[in-house]
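Asks: In the working numbering, the protein residues as written are 6 to 288. Built from N, CA and C at the ideal position, the CB exists for glycine as well. Please see the structure below; I have some questions.
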Amino acid sequence: MPSHNLAHIKIDDLEIIGYSVAGEETVVALPQLDVCFDIGKAPDQVIPINHVLLTHGHMDHTAGFAYYLSQRNFCGISAGTIVAPKNLLKPIREIINSFSRLDGNEIPANIVGVKPGNEHQIKPNLFARVFPTKHSSGSVGYSIIEKRKKLKPEYSSLTGPQIVELKKQGIEIDYPIDIPIATYLGDTQYVDFSQLKYIVESKILIAECTFYEDEHTDRAEAGKHMHINEFAQLLESLQNEHIIITHTTQRTPMSEIHRILRQTLSPETFNKIRILMDRTSKR
Ligand SMILES: [Zn+2]
Ligand SMILES: [Zn+2]
Numbered sequence: 006m007p008s009h010n011l012a013h014i015k016i017d018d019l020e021i022i023g024y025s026v027a028g029e030e031t032v033v034a035l036p037q038l039d040v041c042f043d044i045g046k047a048p049d050q051v052i053p054i055n056h057v058l059l060t061h062g063h064m065d066h067t068a069g070f071a072y073y074l075s076q077r078n079f080c081g082i083s084a085g086t087i088v089a090p091k092n093l094l095k096p097i098r099e100i101i102n103s104f105s106r107l108d109g110n111e112i113p114a115n116i117v118g119v120k121p122g123n124e125h126q127i128k129p130n131l132f133a134r135v136f137p138t139k140h141s142s143g144s145v146g147y148s149i150i151e152k153r154k155k156l157k158p159e160y161s162s163l164t165g166p167q168i169v170e171l172k173k174q175g176i177e178i179d180y181p182i183d184i185p186i187a188t189y190l191g192d193t194q195y196v197d198f199s200q201l202k203y204i205v206e207s208k209i210l211i212a213e214c215t216f217y218e219d220e221h222t223d224r225a226e227a228g229k230h231m232h233i234n235e236f237a238q239l240l241e242s243l244q245n246e247h248i249i250i251t252h253t254t255q256r257t258p259m260s261e262i263h264r265i266l267r268q269t270l271s272p273e274t275f276n277k278i279r280i281l282m283d284r285t286s287k288r
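Below, the structure written as structure tokens:
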């Protein structure tokens, strides 16, 4: 029996599993891509995933990282990789060292500090690109980018042997393209993400939208979270095919969140939306 009952969303062949409630716990994993965004309380289902990408230091997003590393060791799996904003490296190492002393066993870990603009390699052709968010000191989000090569249009009519011949001559026949598969914003207040093309074009956007009611705008402001009115404005400037909402508040019932989403967003945008914690069917 797994430790958590996680939500499951399937988009084409890609599975997204997780749990995300504001102030309680946030963990969102894409097992096929071998990434887990934030770690929450380290549910059993994410222990085999090799890359944990932390967005910021708040406990509801990070509490389980030492347990994740230790469980992998216990189960005989290679050391896990924790990618985190550079300013969190010191406290992360201190926690691992303290837990190693507490436990009496060294906890193996790969800890990677990143800053906006960096890319961390996940697989040979898969990278996590880091971008800044506005939430806490050094907070970041991640886009998972597949890097492919595409044949230059001037060579598209050539036969296989002709292409081989050009390659032998050392001629560059293709050019690199980036395909943004999924973007995870983590916790953030409104930022004009339309300035980053790979976020605009990311097939899947996983975004926090914490607050929905008019009287919660101050709470959104104080906690540096998004309110539906800002989120609606953001979505109008993006082109994502699928939008998954995380980090919803428990102050507003799910049925009310649906009603407000439907009322605030265009029908086209509303139809792209799924809520990670939604256990009711909206359609
Ligand atoms: Zn949070
Ligand atoms: Zn936070």
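With DSSP run on the structure shown, which of helix, strand or coil describes Lys155?
Replies: Numbered from its first residue, the sequence shown carries residue 155 at position 150. Three-state result, Lys155: strand.
Asks: For Pro96, name the three-state secondary structure that DSSP assigns.
Replies: Locating residue 96 in the sequence shown gives position 91, where the first residue counts as 1. In the structure shown, Pro96 sits in a helix (DSSP, three-state: H, G or I).
Asks: From the DSSP output, in three-state form, read off Leu74 for me.
Replies: For the purposes of this step, residue 74 is taken as residue 69 along the sequence shown, with counting starting at 1. Reduced to three states, the DSSP call for Leu74 is helix.
Asks: Tell me the start and end of each unbroken alpha helix (DSSP H) in the region 213-240 that is at least 4 residues and wholly inside, in chain order.
Replies: Counting whole runs of 4 or more residues, the region 213-240 contains the alpha helix (DSSP H) stretches 222-228.
Asks: Using a Cβ-based criterion (distance less than 7 Å to any ligand heavy atom), does His252 qualify as near ligand 1?
Replies: Taking the sequence shown and counting its residues from 1, the one referred to as residue 252 is at position 247. His252 Cβ: within cutoff of ligand 1.
Asks: Might you give, ordered along the chain, the residues of its own chain that have their beta carbon closer than 7 Å to the beta carbon of Ile178, omitting 5 neighbours on each side?
Replies: Taking the first residue of the sequence shown as position 1, residue 178 is located at position 173. Cβ neighbours of Ile178 beyond the five flanking positions: Leu156, Lys157, Tyr160, Ile168, Leu171, Lys172.
Asks: Tell me which residues pass a beta-carbon proximity test against ligand 3: closer than 7 Å to any heavy atom, given in chain order.
Replies: Summarising the ligand content, the structure contains ligand 1 and ligand 2 and does not contain ligand 3.
Asks: Quick one: what's got a C-beta closer than 6 Å to Gln76's C-beta in the same chain, skipping five residues either side?
Replies: Residue mapping note: residue 76 aligns to position 71 of the sequence shown, counting from 1. Ile52, listed in sequence order.
Asks: In this structure, does DSSP put Pro181 in helix, strand or coil?
Replies: In the sequence shown, the residue the question calls residue 181 occupies position 176. Strand, per DSSP.
Asks: Excluding sequence positions up to five away, which residues of its chain have a Cβ less than 6 Å from the Cβ of Phe198?
Replies: As a working mapping, residue 198 is identified with position 193 in the sequence shown. Ile204.
Asks: Could you tell me how far apart the beta carbons of Ile116 and Leu94 are, in whole angstroms, since I believe they sit closer than 8 Å?
Replies: As a position in the sequence shown, residue 116 is number 111, starting the count at 1. As a position in the sequence shown, residue 94 is number 89, starting the count at 1. With 8 Å as the limit, Ile116 and Leu94 qualify as a contact, their Cβ atoms being about 6 Å apart.
Asks: Have a look at Leu74 and Val26 and give me their C-alpha separation to the nearest angstrom.
Replies: On the sequence shown, residue 74 is found 69 positions in, with the first residue counted as 1. On the sequence shown, residue 26 is found 21 positions in, with the first residue counted as 1. Each residue's Cα considered, the two are about 23 Å apart.
Asks: With a threshold of 16 other CB atoms inside 10 Å of the CB of Gly143, please say whether the residue is buried or exposed.
Replies: Walking along the sequence shown from the start, residue 143 turns up at place 138. When all chains shown are included, Gly143 counts as buried.
Asks: Sort Leu281, Ser148, Arg279, Gln244 by Cα distance to Pro121 and report the nearest one.
Replies: Taking the first residue of the sequence shown as 1, we reach residue 121 at position 116. The shortest Cα separation from Pro121 among Leu281, Ser148, Arg279, Gln244 belongs to Ser148.
Asks: Using alpha carbons as the reference points, say which of Leu266, Leu107, Pro113, Asn102 lies closest to Phe236.
Replies: The residue given as residue 236 occupies position 231 in the sequence shown. When each option's Cα is compared against that of Phe236, the closest is Leu266.
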